[in-house]
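The sequence shown runs 696 to 893 under our numbering.
The block underneath contains the structure these notes are about, expressed in structure tokens.
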Amino acid sequence: MAADYALLAKNLRDFYDFADKVVLLIGAGHGQLLDPEIHLRKLIAVDQDLAALKEFEKRIAGGPRQNAVELVHGKFEDVSSRSDIVYFEFCLHEMTDPFPALKRARTLAPDAVVFDHSPASKWVFYGAEEAIVRRSSLAMKNFGIRRCRSFTTVQRFADYSELFSKVSPQGPLAIQRIRRYRGGTNIVIPMVCDLVLL
696 MAADYALLAK NLRDFYDFAD KVVLLIGAGH GQLLDPEIHL RKLIAVDQDL AALKEFEKRI
756 AGGPRQNAVE LVHGKFEDVS SRSDIVYFEF CLHEMTDPFP ALKRARTLAP DAVVFDHSPA
816 SKWVFYGAEE AIVRRSSLAM KNFGIRRCRS FTTVQRFADY SELFSKVSPQ GPLAIQRIRR
876 YRGGTNIVIP MVCDLVLL
């Protein structure tokens, strides 16, 4: 991701107090925004992508949380660990059916925080993810939002090849949409994110 991680992490830190809590992190492969300086009682990191989970493990190795982390390779639907909060980091929109995932989260913790793309984001358009982001946004609205904050940041790419590398896994429509940047350098695309407490 070519976004400003420091800004995203600050927004997360300002939105919800994770201190001294047991945190169930869903989408640990993303897992780059939870400030490592915040003292957690425990972090349970879940991802079905084993390679992404191993990358997460490398990132936390030797850090202040290393001994308070449990890594779980598998689907969120199979997790039964109780916690103080379930935190979805840029992954709810990727779930086949987000509403049951939110219902499951409520059985595991009193709070759930979702950090994800907003349907209003131009970045979502270029990634050809409008339908799945709308679906997850609607699931949160139907579930019951206690608090929500939106903010705008950007995705930055040195050139078209870097943008292409990021977007091409999303398929032909995404590739078609970024063609307008072909030959470009210093590419900046606005990205709107939502932080939601459920």
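Every residue gets a Cβ at the ideal spot worked out from N, C-alpha and C, and that includes glycine.
When DSSP states are grouped into helix, strand and coil, residue 719 belongs to the strand group. When 752, 858 and 717 are compared, the shortest CA-CA separation from residue 735 is found for 717.
For the region 728-757, the continuous beta strand (DSSP E) assignments of 3+ residues that do not extend past its boundaries occur at 737-742, in sequence order. Cβ atoms of residue 738 and residue 890 stay farther apart than 8 Å, at about 19 Å. In the three-state reduction of the DSSP assignment, residue 893 falls in the coil class, being assigned neither a helical nor a strand state. The three-state reading of DSSP puts residue 790 in coil, since its state is none of H, G, I, E or B. With a cutoff of 7 Å on beta-carbon distance, residue 796 and residue 887 are scored as not near each other. Membership of residue 854 in any alpha helix (DSSP H) is not indicated; the residue belongs instead to the beta strand (DSSP E) covering 842-854.
Cβ-Cβ distances below 7 Å link residue 876 to 855, 858 and 882 in the same chain, with the five nearest sequence neighbours on each side left out; the list follows chain order. Using a 10 angstroms sphere on the CB of residue 871, the tally of other CB atoms stays under 16, which defines it as exposed.
Closest by C-alpha distance to residue 836, out of 756, 817 and 793, is 793. As a beta-bridge residue in DSSP terms, residue 783 pairs with 721 and 809. Classified as exposed, residue 765 has fewer than 16 neighbouring CB atoms from the shown chains inside 10 Å of its CB. Note on residue 722: 16 or more other CB atoms within 10 angstroms of its CB, so buried under the neighbour-count rule. Contact between residue 884 and residue 821 holds, with the beta-carbon distance rounding to 6 Å and staying under 8 Å. Excluding sequence positions up to five before and after residue 747, its CB lies within less than 6 Å of the CB of 724, all in the same chain and listed in chain order.
The beta carbon of residue 751 sits closer than 8 Å to the beta carbons of 723, 724, 726, 740, 742 and 766 from its chain, once the five residues preceding and following it are set aside; these are given in chain order.
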